[in-house]
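K.L.:
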Amino acid sequence: MLQEAIKSAFQSKTVIIPEDAGLAVLKGAVQFGFNPKVISPRIIRYTFGFGTNMQFRPHTDPEDKKHFTNNKMYCRDRFGKHVARGEPMESEEVTNKKTYNPLKETQNKIELPIYSSRSEDPQYVDEEDCMYIGKFEVDLSDVRGSDREVEIGMRFGGTDLAVEAIVKSTGQKIEANFSF
Numbered sequence: 040m041l042q043e044a045i046k047s048a049f050q051s052k053t054v055i056i057p058e059d060a061g062l063a064v065l066k067g068a069v070q071f072g073f074n075p076k077v078i079s080p081r082i083i084r085y086t087f088g089f090g091t092n093m094q095f096r097p098h099t100d101p102e103d104k105k106h107f108t109n110n111k112m113y114c115r116d117r118f119g120k121h122v123a124r125g126e127p128m129e130s131e132e133v134t135n136k137k138t139y140n141p142l143k144e145t146q147n148k149i150e151l152p153i154y155s156s157r158s159e160d161p162q163y164v165d166e167e168d169c170m171y172i173g174k175f176e177v178d179l180s181d182v183r184g185s186d187r188e189v190e191i192g193m194r195f196g197g198t199d200l201a202v203e204a205i206v207k208s209t210g211q212k213i214e215a216n217f218s219f
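Take the sequence shown: its letters are residues 40 to 219, numbered as in this note's numbering.
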């Protein structure tokens with residue numbers, strides 16, 4: 040009855056109705072379980088990024104977010120975007136890798152809070168649409184000197200988000216998974 044109503048409502052279109060539609064969904068779920076790449080690419084539903092300290096932008100950033108470290112002016116709580124809402128993303132593909140550095144030479148780790156947003160271009164992590172997902176931590180206690188750059192990217196798998204980092208000077212790889 041429903042199929043006939045749809046066909047009559049869209050007479051100028053070809054309506055394709057699979058046999059055993061419920062079974063088709065089940066088969067698709069099983070195929071996805073064995074090979075997540077059968078559903079590819081995916082359109083990202085949220086913008087994802089990290090809460091970061093970035094160079095303060097006078098006349099743009101709020102004064103209450105301004106702070107100084109090593110005589111440099113920074114803005115706290117900036118949304119460091121890695122992937123924007125609406126972008127196509129291949130399953131298991133690492134997104135735009137970005138390089139992060141500890142703010143202070145005495146820092147033994149980099150802590151990056153992860154956020155999502157319904158906005159395509161959020162500026163600050165405390166905006167109304169931003170949601171905290173979790174924290175990603177990179178241990179730098181074994182890395183000496185000023186060359187402590189860490190390259191970080193995001194990878195979208197089956198139903199979760201993976202964050203992976205590589206400490207450039209040592210090649211050490213760190214990975215964590217987050218459900219959202």
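Ideal Cβ placement from N, Cα and C applies to all residues, glycine included. Since the model is a prediction, treat every value here as computed from it, not as a measurement.
Nearest to Arg-115 by alpha carbon, out of Arg-84, Leu-179, Asp-100 and Leu-200?
P.N.:
Along the sequence shown, one-based indexing puts residue 115 at 76. Nearest of Arg-84, Leu-179, Asp-100 and Leu-200 to Arg-115, Cα basis: Asp-100.
K.L.:
Threshold first: 3 residues or longer. Then list the beta strand (DSSP E) segments lying entirely within the region 151 to 189, N to C.
P.N.:
169 to 178
K.L.:
Given this structure, state the Cα-to-Cα distance separating Arg-81 from Asn-110, to the nearest angstrom.
P.N.:
Locating residue 81 in the sequence shown gives position 42, counting from the first residue. Locating residue 110 in the sequence shown gives position 71, counting from the first residue. Each residue's Cα considered, the two are about 43 Å apart.
K.L.:
Could you please give the first and the last residue of the uninterrupted alpha helix (DSSP H) stretch that includes Val-69?
P.N.:
The count along the sequence shown starts at 1 and reaches residue 69 at position 30. Note, Val-69: alpha helix (DSSP H), 60 to 73.
K.L.:
Drop a sphere of 10 angstroms on the beta-carbon of Leu-200, count the other beta-carbons inside from all chains shown, and report buried for 16 or more, exposed for fewer.
P.N.:
For the purposes of this step, residue 200 is taken as the residue at position 161 of the sequence shown. That one is buried.
K.L.:
Pairs of beta-carbons, one from the region 64 to 73 and one from the region 155 to 163, closer than 8 Å: are there three or more?
P.N.:
no
K.L.:
Which word fits Met-112, buried or exposed, when buried means at least 16 other C-beta atoms lie within 10 angstroms of its C-beta?
P.N.:
Stepping through the sequence shown from its first residue, residue 112 is reached at position 73. Classification of Met-112: exposed, given that the 10 Å Cβ count is below 16.
K.L.:
So, helix, strand or coil for Ser-296, using DSSP?
P.N.:
Residue numbering for the chain in the displayed model covers 40 to 219; residue 296 lies beyond these limits and cannot be assessed.
K.L.:
Taking one C-beta from the region 169 to 183 and one from the region 140 to 150 each time, how about it: are there three or more such pairs within less than 8 Å?
P.N.:
The region 169 to 183 makes contact with the region 140 to 150: 3 or more CB pairs, one atom from each, lie closer than 8 Å.
K.L.:
Are Gly-210 and Lys-136 closer than 8 Å when you measure CB to CB?
P.N.:
For this step, residue 210 is matched to residue 171 along the sequence shown. For this step, residue 136 is matched to residue 97 along the sequence shown. Going by C-beta atoms, Gly-210 is not nearer than 8 Å to Lys-136.
K.L.:
Cutting at 6 Å between CB atoms, please list the residues of its own chain near Glu-126, excluding the five before and the five after it.
P.N.:
Stepping through the sequence shown from its first residue, residue 126 is reached at position 87. Take Glu-126, set aside five residues on each side of it, and the residues of its chain with a beta-carbon closer than 6 Å to its own are Ile-83, in chain order.
K.L.:
Can you name the start and end residues of the beta strand (DSSP E) that Leu-200 belongs to?
P.N.:
On the sequence shown, residue 200 is found 161 positions in, with the first residue counted as 1. Counting along the chain, the beta strand (DSSP E) containing Leu-200 begins and ends at 199 to 206.
K.L.:
Please name the residue in Met-128, Glu-102 and Asp-165 whose C-alpha comes closest to that of Gly-119.
P.N.:
Here residue 119 is taken as the residue at index 80 of the sequence shown, counted from 1. For Gly-119, the nearest C-alpha among the options comes from Asp-165.
K.L.:
Would you identify the three-state DSSP class for Asp-103, choosing helix, strand or coil?
P.N.:
As a working note, residue 103 is residue 64 in the sequence shown. It is helical.
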